[in-house]
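Some notes on the structure that comes next.
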Amino acid sequence: QFSVAQLLLWMISLAALLTGAYGYLTRAQLAERVAQDAARAISQSQALAKDAQQSARTAQDLSRDALSKLQALETRLAESQNQQLALERLYEDLSRSKEEWVLIEVERTVELAAQQLQVAGNVNGAIAALQTADARLARANKPQYASIRKVINRDIERLRAMPAADITGLALKLSALSEQVDELALISDPAALENRSTPYTLRAFENRSWYERVWGDIKSELEGLVRIRKFQNDQTLLLSPEQGRIVRETLKLNLLQARLALLARNQLLLANDLSAIEQSVKQHFDEKSVVTRAFLDTVKQIAAAPVVLEYPTLNDTLSAIASASGSALAKPIR
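Just so you know, our numbering puts 254 at position 270 of the sequence shown, and the rest follows in order with no gaps.
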């Protein structure tokens, strides 16, 4: 017969054996889950790398488009210079009255203003050219030029009333955002996780019995072992340092694409890029950070700024000049 001590010893041994077996099975299941999480993280990292490559190809395409447009502008500039040379030769070869030369000079200046609007969207340059044409007519001091000056001044007022598209300022803001990407705090960073955590709080101990306070202390110790955190994105904790670097590089590529779309004056493409940037920042970075909030505010300011404007034509002014010089119709500028 077994004594009570032996029976108790056998029971303790059996409990230890069962506990060891349970711990082994638990560690095996935990190792399997860790392996599955690692496989998913690697798959997501590869997907992010593919997205970054696609973004790089898109940026290269936009760069080629911008380069082709720049070459087109250079071609137009060369054509304008050739026209200026032809005009100078015309001054030498032909003998015309002073009044005709004034109208020719004013017409060329107005055509230059129209090119500034339609090709480069340069409102200030167009206003300066129109003011030069008006000043030339004022120096001529001819009554028949009054109608032309009236149309010119009307166009000047229309251009002054237009909202300005600050392309240079917006491009500088996008460049500044690119430099701030490395300062943004990822949601998966330890500091951000601590800020976003929501630990349980103990109830007040006033007016409670001694055994309730003892139970409260024990409960507090147990709750300290487990802390629950809530995230908007289930994949936040899966971001490794390498994935975080890829997220930052992808965000920089998106900012580059937005800058190229801005320089190309493509409002739709710019809006899509800014939307992708805002979504990426909200998904991966800590919105409670002051730097992140300022970053998002700047993105919203750029998205709200006008980029493509409908510029008026100067065909009325050209028609008035053509009528004064005896031409049938003014040649429209495209």
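Cβ coordinates follow ideal geometry from the N, Cα and C atoms, glycine included.
Note that this is a predicted model, so its numbers are computed, not measured.
Residue environment: tyrosine 129 is assigned as buried (16 or more neighbouring CB atoms within 10 Å of its CB, all protein chains considered). Using a 10 angstroms sphere on the CB of serine 39, the tally of other CB atoms reaches 16 or more, which defines it as buried.
Rounded to the nearest whole angstrom, the CA to CA distance from serine 224 to arginine 24 is 12 Å.
Asparagine 106 and glutamine 100 have their C-alpha atoms some 5 Å from each other. Boundaries of the alpha helix (DSSP H) around glycine 153: 151 to 164. Inclusion of leucine 302 and valine 86 in the CB contact set at 9 Å is not warranted, their separation being larger than that value. Between leucine 1 and glutamate 233, the alpha-carbon positions lie close to 52 Å from each other. Ranked by Cα distance from valine 231, the options Ala248, Gln263, Asn250, Ala255 are led by Gln263. Look at leucine -7 here: in three-state DSSP terms it is helix. Looking at the DSSP output, phenylalanine 279 sits in no beta bridge, so it has no partner there. When rounded, the separation of the alpha-carbon atoms in alanine 36 and glutamine 28 is 12 Å. In terms of CA proximity to valine 292, Val103 leads the group Val103, Ala43, Ser131. Remark: C-beta atoms of leucine 121 and isoleucine 136 approach each other more closely than 9 Å. Judged by beta-carbon spacing, glutamine 115 lies beyond the 9 Å limit of isoleucine 88, meaning their Cβ atoms are not closer than that value. In the three-state reduction of the DSSP assignment, leucine 293 falls in the coil class, being assigned neither a helical nor a strand state. Cβ-Cβ distances below 7 Å link leucine 253 to Ala245 in the same chain, with the five nearest sequence neighbours on each side left out; the list follows chain order.
Cβ-Cβ distances below 7 Å link arginine 142 to Pro296 in the same chain, with the five nearest sequence neighbours on each side left out; the list follows chain order. With contacts defined as CB atoms closer than 9 Å, alanine 149 and arginine 243 fail to qualify as a contacting pair.
Apart from sequence neighbours up to five positions away, no residue of its chain approaches tryptophan 199 with a beta-carbon distance below 6 Å. Between leucine 154 and aspartate 270, the CB-CB gap reaches or exceeds 9 Å.
Here leucine 170 is bridged, per DSSP, to Phe269.
Short of 6 Å from the beta carbon of alanine 260, and not among the five residues preceding or following it, lie these beta carbons of its own chain, in chain order: Asn238.
A distance below 9 Å separates the beta carbons of leucine 161 and valine 283. Take leucine 258, set aside five residues on each side of it, and the residues of its chain with a beta-carbon closer than 7 Å to its own are Ala242, Val283, Ile286, Ala287, in chain order. For alanine 19 and leucine 158, the gap between their C-alpha atoms comes out near 40 Å.
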